[in-house]
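A.B. asks: With numbering that gives the first Met the number 0 applied, the sequence shown covers 0 to 93.
Glycine is no exception: its CB is placed at the ideal position from the N, C-alpha and C atoms.
First, the structure itself, so that you have it in front of you.
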Amino acid sequence: MIYVICTNKVNKDNVKTFTDAAIEHARLSLQQDDGCIRFDISKYNEEYNEITFFEQWESKEMLDKHSIRCKSSPLIKIINENRYDKNIKVYEIL
């Protein structure tokens with residue numbers, strides 16, 4: 000089991016665009032990517048403009064396949080263009 004926590008810092012002017020793309024990305028990941036068990040997006044912290052993704056995957060291999068698919072995703076382009084920083088942590092549950 001793999002957990003991914005991705006904290007995104009977003010400028011206030013970009014929050015809606017970022018959040019809309021992130022929600023659609025999460026929905027499609029759950030529908031299209033084998034092994035995606037859960038993909039939640041937190042409400043952003045208004046003081047720090049942080050939006051966090053919480054993902055749960057069956058395996059590292061399935062997460063890797065998801066990552067390959069995302070490289071060509073127009074939603075990822077929107078997400079990347081509308082954040083100014085991110086911190087990703089991947090945890091393997093033993």
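Just checking, does the stretch 54 to 69 make contact with the stretch 10 to 22 on the three C-beta pairs under 8 Å criterion?
C.D. replies: Not touching, per the Cβ criterion.
A.B. asks: Nearest CA to the CA of residue 81: which residue from 18, 90, 4 and 93?
C.D. replies: As a first step, residue 81 is located in the sequence shown; it is residue number 82 there, counting from the start. The shortest C-alpha separation from residue 81 is found at 18.
A.B. asks: Mark residue 62 as exposed unless 16 or more other C-beta atoms lie within 10 angstroms of its C-beta, in which case mark it buried.
C.D. replies: Looking up residue 62 in the sequence shown gives position 63. By the neighbour-count rule (16 or more Cβ atoms within 10 Å), residue 62 is buried.
A.B. asks: Taking only three categories from DSSP, how would you classify residue 15?
C.D. replies: Within the sequence shown, residue 15 is the residue found at index 16, counting from 1. Correct three-state label for residue 15: helix.
A.B. asks: Once the 5 residues before and after residue 36 are set aside, which same chain residues still bring their CB inside 6 Å of it?
C.D. replies: Residue 36 sits at position 37 when you count from the first residue of the sequence shown. Counting only Cβ-Cβ distances below 6 Å, and skipping sequence neighbours, we find 55.
A.B. asks: Can you tell me which of the three DSSP states residue 68 falls into?
C.D. replies: As a working mapping, residue 68 is identified with position 69 in the sequence shown. The answer is helix: DSSP assigns residue 68 an H, G or I state.
A.B. asks: From the DSSP secondary-structure annotation, give me the bridge partner or partners of residue 54.
C.D. replies: As a working note, residue 54 is residue 55 in the sequence shown. DSSP, once it has assigned bridges, lists 3 and 38 as partnering residue 54.
A.B. asks: May I ask you to list the residues that DSSP assigns as paired with residue 59?
C.D. replies: Working through the sequence shown from its first residue, we reach residue 59 at position 60. BP columns for residue 59 are empty, so no partner.
A.B. asks: Could you check the C-alpha separation between residue 42 and residue 51 for me, to the nearest Å?
C.D. replies: Residue mapping note: residue 42 aligns to position 43 of the sequence shown, counting from 1. Residue mapping note: residue 51 aligns to position 52 of the sequence shown, counting from 1. C-alpha separation (whole angstroms): 8 Å.
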